[in-house]
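Trainee: This is the structure I have questions about; it appears just below.
In full-length UniProt numbering, the protein residues as written are 1 to 336.
Structure (structure tokens):
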């Protein structure tokens, strides 16, 4: 059983009193929080015309066409279906998705209204995301929160990826474009000099052979932005008591606040090369995820990164009992 923190209880209570401001699905027990009005921004096209960019590990959203119709039909050019990562609402014509490593390339989608002969071709360029936040100086390392998810990234279904990121973005009051979902390609080592703070999640025993990481920038060069400082300091309790896991609907092994270099200048560490296999459950994974229902509409979300204000320095003795200098305990396993 998860024990919810006060922030989550507040959001749930608020949404209960304001049913129009939340989306609930009783069949799959999913929920989401509304974004604050001050971060609601229009979707900006990365290319002109009908060309767009989808970044690996990030939420891609293409709003529905401004056209009244009975519905839409979409498929990849020269194919009878869409890529497995791309969700499509045949009623509204909206697209959502989180592409994973291996999905890079160009996707040409043919979109047509039901009962009409006209078609529209949409080109999606699936690429690697920018290495670091543009909010840090060129000579500064990025400061990030990393959540360790006890699940193989390829066992997280396409819609679940979108819901997890968008729900957490709303809970943290950050744009979903700031979050990146990726497989763990390096062994987790809390004694690494890049780790500033670390703590456990709601799961004490790891069940997945490979781990997924959800990353979000919170500052530069070991400092926090004012907009993220309170979020970081609340993370210790919210990760441990199950609040974050409840928002994500995914089990959390732990969390890290660490600096991340813009270039691979550090000594190469042991690589975890089996993220695409192991606990991958083929029976529970369905490639036919190109459609989703209006009852589970993901809403209108923005795509701009967070705008940092004056940075605040992480205290030398942070208010946490788990730092990179402490030995591992039974509640904070040191995995090799």
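Even for Gly, the Cβ is constructed at its ideal location relative to N, Cα and C.
Measure the alpha-carbon distance for residue 146 versus residue 61 and round it to whole angstroms.
Mentor: About 23 Å.
Trainee: Buried or exposed: which applies to residue 269, given that a residue is buried once 16 or more other Cβ atoms fall within 10 Å of its Cβ?
Mentor: Annotation note: pLDDT 40 at residue 269 (below 50); position unreliable, coordinate value reported separately. Residue 269 is exposed by the Cβ-count criterion.
Trainee: In whole angstroms, what separates the C-alpha of residue 96 from that of residue 165?
Mentor: Each residue's Cα considered, the two are about 12 Å apart.
Trainee: Could you spell out the range, first to last residue, of the alpha helix (DSSP H) harbouring residue 143?
Mentor: Looking at the DSSP string, residue 143 is not in any alpha helix (DSSP H); the run it does join, the beta strand (DSSP E), is 142–149.
Trainee: Measure from the alpha carbon of residue 63 to the alpha carbon of each residue in 111, 76, 234, then state which is nearest.
Mentor: 111
Trainee: Determine the closest residue to residue 175 out of 245, 228, 233, 113, with distance taken between C-alpha atoms.
Mentor: Between residue 175 and the set 245, 228, 233, 113, the nearest pair of CA atoms involves 228.
Trainee: Where does residue 70 fall in DSSP's three states?
Mentor: coil
Trainee: Counting pairs of beta carbons, one from the stretch 135–145 and one from the stretch 218–232, are three or more of them closer than 8 Å?
Mentor: yes
Trainee: What residue range does the beta strand (DSSP E) around residue 88 cover?
Mentor: That run of the beta strand (DSSP E) goes 86–88.
Trainee: Between the beta-carbon of residue 247 and the beta-carbon of residue 197, is there less than 8 Å?
Mentor: no
Trainee: Please classify residue 116 as buried or exposed, where buried requires at least 16 other C-beta atoms within 10 Å of its C-beta.
Mentor: exposed
Trainee: Looking at C-alpha atoms only, which residue of 223, 156, 172, 236 is the closest neighbour of residue 211?
Mentor: The option with the nearest alpha carbon to residue 211 is 156.
Trainee: Out of 181, 193, 73, state which residue places its alpha-carbon closest to the alpha-carbon of residue 121.
Mentor: Nearest of 181, 193, 73 to residue 121, Cα basis: 73.
Trainee: Measure how close the beta-carbons of residue 373 and residue 173 come, nearest whole angstrom, since I'm counting them as under 8 Å.
Mentor: As shown, the chain starts at 1 and ends at 336. That puts residue 373 outside it, with no answer to give.
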